[in-house]
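The structure appears right after this line, and notes come after that.
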Amino acid sequence: RADSSPLFKHPGFPVYLCARLSSMFAFQMLSVAVGWQIYDITHRAFDLGVIGLVQFIPSFVLALPAGHVADRFDRRRIVLVCQGVEGAATLLLAAGSWLHWFDVPAILIIVFVIGCARAFEFPTMSALLPSLVPVALLSRAMAAGSSASMSAMIIGPALGGFLYVAGAGTVYGVAGLLFVTASLLMWR
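Quick note on our numbering: the sequence shown kicks off at 1056 and runs consecutively.
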């Protein structure tokens, strides 16, 4: 029998959902800004593919170790650390962009670090959900999380593109604050 109680009655779920939304929005905004910034620097479309590769490689290489770590250690702490790393790296990108510190290889290295943290965060975040709601509500909670992710995937790039008018550093600053917010929510 399906449980008809509200998902938000379970105190961990709204916090989880807000952290997931913050992190997803931040990543989508970051991805748009990195693409535009590197294209503004190099004017080569090829470099956009390099960005995608740099973001994909950690997910591919770290998929099995990330699952192992998520199964063996405190999932909330793993997500908290990953989002903290993503926030710090993104704020470093913001500072570097505002102060014109970075060239393309430096940006790609930071994006790689973010990709590594993301490779651990995403599966761990998904594995955390069953501990937050009763089994009878799990399918509804998964649907809500998926809907939130899809919303962020649609709205995040648009927001990132809109903010890019003010410069890459502005997008990175907002995305970094969203990652830090997500990390603080997970800490809570």
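Every residue gets a Cβ at the ideal spot worked out from N, C-alpha and C, and that includes glycine.
Status (buried if at least 16 other CB within 10 Å, exposed otherwise) for residue i
i: A1221; result: exposed
i: G1107; result: exposed
i: G1104; result: exposed
i: L1187; result: buried
i: F1101; result: exposed
i: P1061; result: exposed
i: P1260; result: Because the chain is modelled from 1056 through 1243, residue 1260 falls outside the range shown and cannot be assessed.
i: A1125; result: buried
i: F1063; result: exposed
Rounded separation between residue i and residue j - CA only
i: F1234; j: L1076; result: 10 Å
i: P1189; j: W1153; result: 46 Å
i: A1191; j: D1129; result: 23 Å
i: L1117; j: C1171; result: 7 Å
i: E1141; j: Y1094; result: 22 Å
i: I1210; j: M1180; result: 21 Å
7 Å Cβ cutoff met for residue i and residue j
i: A1074; j: L1240; result: yes
i: S1238; j: Q1138; result: yes
i: T1225; j: L1214; result: no
i: P1212; j: Q1110; result: no
i: A1121; j: F1080; result: no
Enclosing alpha helix (DSSP H) for residue i [first to last residue]
i: H1123; result: F1101 to R1127
i: D1095; result: G1067 to T1097
i: L1183; result: V1159 to L1183
i: S1206; result: L1193 to Y1219
i: G1222; result: First-last for G1222: undefined, no H or E at that position.
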